Amino acid sequence: MGIPYDTKLPPDLRALKREIEGYAHEYGLDFYETIFEVVEAEDLNEIAAYGGFPTRYPHWSFGMAFEELKKGYDYGLSKIYEMVINNDPCYAYLMRCNHTVDQKLVMAHVYGHCDFFKNNAYFAHTSRKMMDEMANHGVRIRRYVEKHGEDEVEAFVDRCMSIDDLVDIHSTAIRRREEHSRYDFKEKEEDQLRLTRFKSKDYMDDYINPPEALKAEEEERRKKQEESLRTPEHPEKDVLLFLIDHAPLKPWQRDILSIIRDEAYYFAPQGQTKIMNEGWASYWHSTIMTTRALSPSEMVDYADHHSGTMATSRGRLNPYKLGIELLRDIEMRWNTGRFGKDFDDCDDLDKRRTWDTKLGLGRKKIFEVRRVHNDITFIDTFLTPEFCQEHKMFSFNYDEQGGNYVIESREFEKIKQRILFGLTNFGKPWIYVVDSNYRNRGELLLRHEHNGIDLKLDKAADTLANIQALWSRPVHLHTVVDNQPSLMTFDGSNHSIKNLGESDDPRKHSPGKAK
Amino acid sequence: MGQKIERDQQRFRKLVRGKVKSNLSKYISRGEMIGKKGKDLVSIPLPQIDIPQFRYGQKGTGGVGQGEGDPGQPLTAPQGDGDSGAGDQPGGHILEVDLTMEEMAQILGEELQLPRIEPRGKKNIVTTKDKYTGIRQTGPESLKHFKRTFKRALRRQIASGVYDPEKPIVVPVREDKQYRSWKEVKKPESVACIIYMMDVSGSMTDEQKEIVRIEAFWIDTWLKAHYQGIQNVYIIHDAAAHEVDEHTFYHTRESGGTKISSAYEMCDQIITKRFPPDQWNLYAFHFSDGDNWGDDSPHCVDLLNEKMLPKLNLFGYGQVESPYGSGEFYEYITELVNNKENVVASRIPDRDAILGSIKEFLGTGR
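Just so you know, the protein sequences line up as chains A and B, in that order.
According to the working numbering, the residues represented by the first sequence are 1 to 515, in order.
According to the working numbering, the residues represented by the second sequence are 1001 to 1366, in order.
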């Protein structure tokens, strides 16, 4: 046990830790060694501002986050309860001035998170030595600051942060393309180059194999081949990786960009599993507290704090609440066997309400869920109409006339669609690198995969300018504005946007969709 | 810990205040945090810088919430998170959380890179203060140290066997009594007096007075941050000088001619009578449009040179440009500036020049 680390933990909290950890083990939670550190509120705000890593590289944005947390805390508007770091060992911070009951609650909650970090599939690729890596990142960037000056390095980091969401989170689990060697010089097989020609008698040849068709096919082949010479060969969603590989950057710039990318990938799973992770931790703090750890005199305080965390609002879903309730719903359904064909086919509402096959697989099921799901698959698989109704969920949308958001519907499909939309790609637009030699002039072409919602144009233009600064040649973005395919361009000094005719629609040319 | 985040926070603040040249300035938004103070809602300013990223526009977006309500109903009441609670404060009275004067002075100092003021003659300007530090056997009853007296009495009674734990009565006698005693501590005092003089002759318009007012406000703010006690004296003059209160200072308009020496003489008298320079840090600021009575100007320079300057920490002359003034007095002062180190002259043609001139006035660190 990490005794040397535990020195900061006063004896009472150390005893508490041992107790809660015991309960967590008893319930089958499985986690790395967890180290609690007791810090002052100010320090907790600082650590939180650095995303949990006190040794992070210097950047004003952390100062901004800190100011917000500090003001919120100073004016009594908000307070951080828990802070836990996905690392081996897991680090978690406790606020010194919290009451014992709060410390218990936080510890129980933290063990939920630790278990989730260790066992959820989407965290499998994350580094468990991130504490050390972040410290190294910090050292490297500080060194660059010393060498190249604060202003220059900061301006570059700002640029990188502007595009730090342009990553391909699934690339950690999927092989996007065949490995192929650059030194594979073998000629393509002859017959692949031969055109499709049907067998025919001489005099019928012009009809069976019309020359126009052959020509068209040849043309298409040629095009396809040209495209295969393109960089990237397939549209690349990991824009950061592409820039690291291909943009004309100085070594220190490339290093910073890869640091930003590493951290983006490290933090991505926490975004992918926000609802589940918080739901899981809340489920366990609730379970451990109410069945084991709570003493009668602490009941009211606990209930107060728990309900504060679970508060729902009309403008936003509370991930803690949604997560814990959905997990409980799953547990209930698998305990009573309310799933599968028999249950789905049952039309008798009364029967459904009292359905109970005494299956008793609830606990087992939620452990499985926490292992294999992320928020998207979690909602997609387990959200039910009954659940939406019980929790008074509704979807809302932006009313352009009124200039505000209005309740749109209470239909299950609509609600589910809205939630999933907000979760897919973190509710951000899809941007791909399509061509790095656009117009044969070394210009970078990006494509926005339009799915019905336009980009915020001013932000997009500024972001484009940041990419241009990295790429140093003009940068273009294919997108759709008011149903018009458009090309936004920044050439280093001027922004422009032009409508493209239907024929120029980038989506029709995109190699990703080539037939 | 602590130092690191402070650096980042300072950097952020500098960016927000536009002190660092950066292309982030256009992304600064003046956000706010709504808090509660008693019954009122308070707005806590929360500036933010949003690094641009690819984002969806508002059109066609939406989300999911929980709660009551029918389709078509707007989600948010006037403000807030729509939680029914937000509705019960009618009017939504919002107060700004203001900066304190110290914070303002600090910002001013940072902004203009003003040096800290070294109070003059620390050695000379001293006050004595009583400080209770010791104990003695005699003294007035009002200064009796009860705890010590009690302890001594208890000790004596136990030692002499008079003390009875069953009946714990402790009666101090004369020898037990302990009294607090004080020492006189000499403390360098930093008090200052600021004397503002202004030309209120016909050629000074309201706009010029406004400039003087703003200038004086910032000078006050800065000096107040450095001295414990500040006294202000206001003198207006045309051909003759009068000591007035602050309100009159800014709101009087005379029509006579201008004799600057009258103000300087009065200033000198006030200093001699009320603010002996060995006890006070003295600041004098004179604002004028630079017009002066015929051969009065050399006299003024003499007055400054011989009588006033040796007594003052700093003499500042601010010349506001008026359509009527000739501005020739400035020439006389500039001569002085070159010879004496505690004279500053500054031209303030318009409001935009105020900041620069404050820097000139206070940049000397005197």
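Glycine included, C-beta positions come from ideal geometry on N, C-alpha and C.
All values reported here derive from a predicted model rather than from experimental measurement.
Separation of residue j from residue i, as counted between CA atoms
| i | j | result |
| --- | --- | --- |
| S1201/B | I1211/B | 16 Å |
| L327/A | F339/A | 14 Å |
| E411/A | N277/A | 26 Å |
| N86/A | R175/A | 25 Å |
| V475/A | L500/A | 16 Å |
| T290/A | E298/A | 11 Å |
| A1241/B | P1298/B | 18 Å |
| R394/A | L383/A | Looking at the sequence provided, one finds Phe at residue 394/A rather than Arg. Answer to the nearest angstrom: the Cα atoms are 13 Å apart. |
| Y1132/B | W1182/B | 4 Å |
| L1355/B | T1221/B | 13 Å |
| L1015/B | G63/A | 11 Å |
| K8/A | V39/A | 9 Å |
| R1180/B | K1147/B | 11 Å |
| P11/A | R316/A | 40 Å |
| I1358/B | I1348/B | 10 Å |
| E146/A | V153/A | 9 Å |
| K201/A | P210/A | 13 Å |
| S295/A | G76/A | 27 Å |
| A1239/B | S1262/B | 7 Å |
Any C-beta of chain A under 9 Å from that of residue i
| i | result |
| --- | --- |
| T1061/B | yes |
| F1150/B | no |
| R1017/B | no |
| Y1227/B | no |
| Q1048/B | yes |
| I1107/B | no |
| N1292/B | no |
| G1257/B | no |
| N1023/B | yes |
| I1358/B | no |
Chain B contact for residue i (CB, 9 Å cutoff)
| i | result |
| --- | --- |
| D462/A | yes |
| F367/A | no |
| G406/A | A small fix is needed here, since residue 406/A is Val in this sequence, not Gly. For V406/A, the answer is yes, since a Cβ of chain B falls inside 9 Å of its Cβ. |
| A41/A | no |
| L294/A | no |
| P54/A | yes |
| L16/A | no |
| I85/A | no |
| E422/A | Looking at the sequence provided, one finds Gly at residue 422/A rather than Glu. It does; some Cβ of chain B falls within 9 Å. |
| P485/A | no |
| Y320/A | no |
Amino acids of chain B, ordered along the chain, whose beta-carbon sits closer than 9 Å to that of residue i
| i | result |
| --- | --- |
| N397/A | G1060, T1061, G1062, G1063 |
| R418/A | G1062, G1063, V1064 |
| A264/A | Ordered by position in chain B, no residue passes the 9 Å Cβ test against A264/A, which lies about 12 Å from the chain. |
| R254/A | Here the premise fails: no neighbours, minimum Cβ distance about 20 Å. |
Closer than 7 Å at the beta carbon, the chain B residues around residue i
| i | result |
| --- | --- |
| T312/A | Q1066, G1067 |
| D345/A | Here the premise fails: no neighbours, minimum Cβ distance about 28 Å. |
| A247/A | Under the 7 Å cutoff, chain B gives no residues; its nearest Cβ is about 18 Å from A247/A. |
| M64/A | F1012, Q1048, I1049 |
| D165/A | Q1053 |
| E67/A | Q1009, F1012 |
| E37/A | Within 7 Å Cβ-Cβ: nothing; E37/A doesn't reach chain B, min ~11 Å. |
Cβ-based burial, residue i [other Cβ within 10 Å; buried from 16]
| i | result |
| --- | --- |
| H1251/B | exposed |
| D435/A | buried |
| E1215/B | buried |
| R1174/B | exposed |
| P385/A | exposed |
| S1029/B | exposed |
Contact list for residue i against chain A, beta-carbon separation under 7 Å
| i | result |
| --- | --- |
| R1007/B | P58 |
Residue(s) in a DSSP beta bridge with residue i
| i | result |
| --- | --- |
| M95/A | V39/A |
| S472/A | Its beta-bridge partners do not exist; DSSP assigns none. |
| W430/A | E449/A |
Proximal residues of chain B, C-beta to C-beta of residue i below 8 Å
| i | result |
| --- | --- |
| L445/A | The premise fails here: L445/A is roughly 15 Å from chain B at the closest Cβ pair, so nothing lies under 8 Å. |
| H478/A | What H478/A touches in chain B: nothing, since even the nearest Cβ is about 13 Å away. |
| M393/A | V1064, G1065, Q1066 |
Chain-ordered chain A contacts of residue i [CB-CB under 8 Å]
| i | result |
| --- | --- |
| I1051/B | S61, D158, M161, S162 |
| P1276/B | The contacting residues do not exist; P1276/B stays about 45 Å from chain A at best. |
heavy atom of the ligand GDP below 8 Å from residue i C-beta
| i | result |
| --- | --- |
| E1341/B | You won't find the ligand GDP in this model; it holds no ligand whatsoever. |
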